Amino acid sequence: MGSSECSKPPNSSSNQIQSAAMPFLPEEIVREIIGCLPPKALLRFRSVSRSWRSLIDSKQFIQLHLHNSLRSNTNLTLLVDSSRFYCVDLDSFNQLQVGDARIEPFSVKGSSNGLVLLTPTSGDIFLWNPAIRKQLKLAAQPPIPHRFFRFDYVQAIFALGYDSKHDDYKVVSVNQAVTGRDGNTFATETTIYSLKSNSWKKAKDFPYLLPRHTSRWGIYLNGALHTVAKHGDNPEMVIMAFDLGKEEHREIPLPEHSVGAIRGLESVEVMGGCLAAVVPGRKCSTEIWLMKEYGVKQSWMKLLQLDPPPRGDLRPLAFSKSGGEVLLNDDGMCLSWYDLKKKTAAIARVSGFSASFEAKADEPFFDTEVVVGSLVWPCVEEAHGPRKGVKEMKIKKRKVVS
1 MGSSECSKPP NSSSNQIQSA AMPFLPEEIV REIIGCLPPK ALLRFRSVSR
51 SWRSLIDSKQ FIQLHLHNSL RSNTNLTLLV DSSRFYCVDL DSFNQLQVGD
101 ARIEPFSVKG SSNGLVLLTP TSGDIFLWNP AIRKQLKLAA QPPIPHRFFR
151 FDYVQAIFAL GYDSKHDDYK VVSVNQAVTG RDGNTFATET TIYSLKSNSW
201 KKAKDFPYLL PRHTSRWGIY LNGALHTVAK HGDNPEMVIM AFDLGKEEHR
251 EIPLPEHSVG AIRGLESVEV MGGCLAAVVP GRKCSTEIWL MKEYGVKQSW
301 MKLLQLDPPP RGDLRPLAFS KSGGEVLLND DGMCLSWYDL KKKTAAIARV
351 SGFSASFEAK ADEPFFDTEV VVGSLVWPCV EEAHGPRKGV KEMKIKKRKV
401 VS
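Residue numbers for the sequence shown, in full-length UniProt numbering: 1 to 402.
And the structure:
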């Protein structure tokens, strides 16, 4: 609408019609209509009326909106974590504003239901919802036990997930040290943070050997955190799932093709609401498999095959809006779209972002995380006021500088 139209006096007859019609529009119809909109629009619509504000802020609507976005594979944002931080809308592939969020390079450790886990070098831990521009500082994690510092190689890694059984968001931290020269003997300590209780507790020992130099181990899906790992003396990689409700480990059945593979599984991701496995194929190729029905071995299907394989670690990120292409992260050096019909790949270019460049000597140049846009925000106040150790911050808007 142009400025000349905005300056016109309101049309009284149209206003009367609108005011007369609105009370007869059932709330369930309004809820279904606006439940498919992006969070940015919903934040504006909170100003329409008190009833709309109450509806949009309700837990039922927030869950409906999240369910719609996950089911329709919409309202997705790609976080590009590098020396500079980018948010990219996956529908338009345009750069988005991140505001004044406190984000350091390589601090993104995963996401769940629109919440992002950040672990900056300060040692603090934050939850961040980029869609509603809120950030929450969590209670401090217990220090790494001194016994771990006796070993040459120690890694401390984090993951975030939602425990639907207890309606709680949890952060799982694993400290792991390789204790034997064979590389297969290790010591671990696992701690779990509950947002509901705002506290950390020690959990059962982590029985798997995680890949070295991994920054992302807990891929969230269906109430569990997933990763590839080794178990016992078995040289092959398995898919481990850590159930957040039971706080127990289990294994996910592998694709048939991966059994007996020389290199085993390379990684596991979530794409289009399904578990995705990157598997070394025959004759120097790399395959991506999808588990169409969670936990059912027979539901694995091969999505695509890259021949020759990519230059290094490959991460499938998301389907295109049409579903005909797959976005790939090639070893932290290149983003590309793979056309499932033509079986060809093309560089995915983002405005203000170099799509391909030389990697550093010992780490990827960028990492990526796909986040669903949601209104989810954990309640941090109780009847007696804010809980000790939890600090919530509003993030101001900031103009994007290309």
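Backbone N, C-alpha and C define an ideal beta-carbon position, used for all residues, glycine too. Here the structure is a predicted model, which is why all the values come from computation and not from measurement.
Using the Cα positions of PHE148 and GLN176, report the straight-line distance between them to the nearest angstrom. Locating residue 148 in the sequence shown gives position 148, counting from the first residue. Locating residue 176 in the sequence shown gives position 176, counting from the first residue. Between PHE148 and GLN176, the C-alpha separation is close to 8 Å.
DSSP on ALA140, reduced to helix/strand/coil? On the sequence shown, position 140 is the one that residue 140 refers to. Coil at ALA140, not helix or strand.
Count the other CB atoms within 10 Å of the CB of ARG71; is the residue buried (16 or more) or exposed (fewer)? In the sequence shown, residue 71 corresponds to position 71, counting from 1. So ARG71 ends up on the exposed side.
Whose C-alpha, out of PHE85, LEU55, VAL30 and GLN63, is nearest the C-alpha of ALA373? As a position in the sequence shown, residue 373 is number 373, starting the count at 1. Per the sequence presented here, residue 373 reads as Gly, with Ala not at that position. Sorting PHE85, LEU55, VAL30 and GLN63 by C-alpha distance to the C-alpha of GLY373 places GLN63 at the top.
Reduced DSSP secondary structure (H/G/I, E/B, other) of GLN63: Taking the sequence shown and counting its residues from 1, one reaches residue 63 at position 63. DSSP places GLN63 within a helical segment (H, G or I) once states are collapsed to three.
Here's the rule I'm using: 16 or more other beta-carbon atoms within 10 Å means buried, otherwise exposed. How should GLY35 be labelled? Here the question's residue 35 lines up with position 35 in the sequence shown. Of the residues assessed, GLY35 falls on the buried side of the cut-off, its CB having 16 or more other CB atoms within 10 angstroms.
Would you kindly check if the distance between the Cβ of LEU210 and the Cβ of TRP217 is under 8 Å? Indexing the sequence shown from 1 puts residue 217 at position 217. Indexing the sequence shown from 1 puts residue 210 at position 210. Taking 8 Å as the cut-off, the beta carbon of TRP217 is found closer than this to the beta carbon of LEU210.
Rounded straight-line distance, which links the Cα of GLY232 to that of GLN95: Counting from one through the sequence shown, the residue named residue 95 turns up at place 95. Counting from one through the sequence shown, the residue named residue 232 turns up at place 232. The straight-line gap from Cα to Cα measures roughly 44 Å.
Provide the residue span of the alpha helix (DSSP H) that contains LEU265, from first to last. For the purposes of this step, residue 265 is taken as the residue at position 265 of the sequence shown. Looking at the DSSP string, LEU265 is not in any alpha helix (DSSP H), and its letter there is neither H nor E.
Alpha helix (DSSP H) containing PRO39: first to last residue? As a position in the sequence shown, residue 39 is number 39, starting the count at 1. Start and end: 39 to 45.
On the DSSP letters alone, give me the boundaries of the alpha helix (DSSP H) that ILE33 sits inside. By 1-based counting over the sequence shown, the position of residue 33 is 33. Membership of ILE33 in the alpha helix (DSSP H) is indicated by the continuous run 27 to 34.
Among all the DSSP beta bridges, which residues are the ones paired with VAL174? Residue numbering aside, residue 174 sits at position 174 when the sequence shown is read from its first letter. Residue pairing by DSSP puts VAL174 in a beta bridge opposite ILE157 and THR190.
Minimum Cβ-Cβ distance from HIS67 to chain B less than 8 Å: This model lacks chain B altogether, as it is built from one protein chain only.
Are the beta-carbon atoms belonging to ALA159 and VAL178 less than 8 Å from one another? Here residue 159 refers to the residue found at position 159 when the sequence shown is read from its first residue. Here residue 178 refers to the residue found at position 178 when the sequence shown is read from its first residue. Not closer than 8 Å, so no.
Can we say the segment 46 to 54 touches the segment 337 to 350, given the rule of at least three CB pairs closer than 8 Å? In this structure the segment 46 to 54 does not lie against the segment 337 to 350, because fewer than three pairs of beta carbons, one per stretch, are closer than 8 Å.
Are VAL174 and ILE157 closer than 8 Å when you measure CB to CB? What you label residue 174 is simply residue 174 of the sequence shown in a count that begins at 1. What you label residue 157 is simply residue 157 of the sequence shown in a count that begins at 1. Contact flag set, yes.
Between the Cα of SER299 and those of LEU306, ALA277 and THR185, spot the shortest distance and give me the residue it belongs to. Walking along the sequence shown from the start, residue 299 turns up at place 299. Relative to SER299, the option among LEU306, ALA277 and THR185 whose CA is nearest is ALA277.
Just to confirm before moving on: does the CB-CB distance between VAL371 and GLY114 stay below 8 Å? Numbered from its first residue, the sequence shown carries residue 371 at position 371. Numbered from its first residue, the sequence shown carries residue 114 at position 114. Taking 8 Å as the Cβ cut-off, VAL371 and GLY114 qualify as a contacting pair.
Could you please give me the residues that DSSP links to SER285 through a beta bridge? Position 285 of the sequence shown, counted from the start, is the residue given in the question as residue 285. Per DSSP, GLY281.
Opposing strand residues paired with TRP300 [DSSP bridges]: Sequence index remark: in the sequence shown, residue 300 carries index 300 (1-based). Answer is MET291, bridged to TRP300.
Is the beta carbon of PRO255 closer than 8 Å to that of GLU266? For this step, residue 266 is matched to residue 266 along the sequence shown. For this step, residue 255 is matched to residue 255 along the sequence shown. No, these two residues do not count as a Cβ contact at 8 Å.
DSSP puts MET240 in a beta bridge; with which residues? On the sequence shown, residue 240 is found 240 positions in, with the first residue counted as 1. Answer is THR227 and GLU251, bridged to MET240.
Which residues in the same chain have their Cβ closer than 8 Å to the Cβ of LYS170, if we skip the five residues on either side of it in sequence? Indexing the sequence shown from 1 puts residue 170 at position 170. Only LEU160, GLY161, TYR162, ASP163, ILE192, TYR193, SER194, LEU195 and LEU244 meet the Cβ criterion.
Less than 8 Å between the C-beta atoms of THR190 and PHE206, yes or no? To locate residue 190, count along the sequence shown from 1; it is residue 190. To locate residue 206, count along the sequence shown from 1; it is residue 206. Contact flag set, yes.
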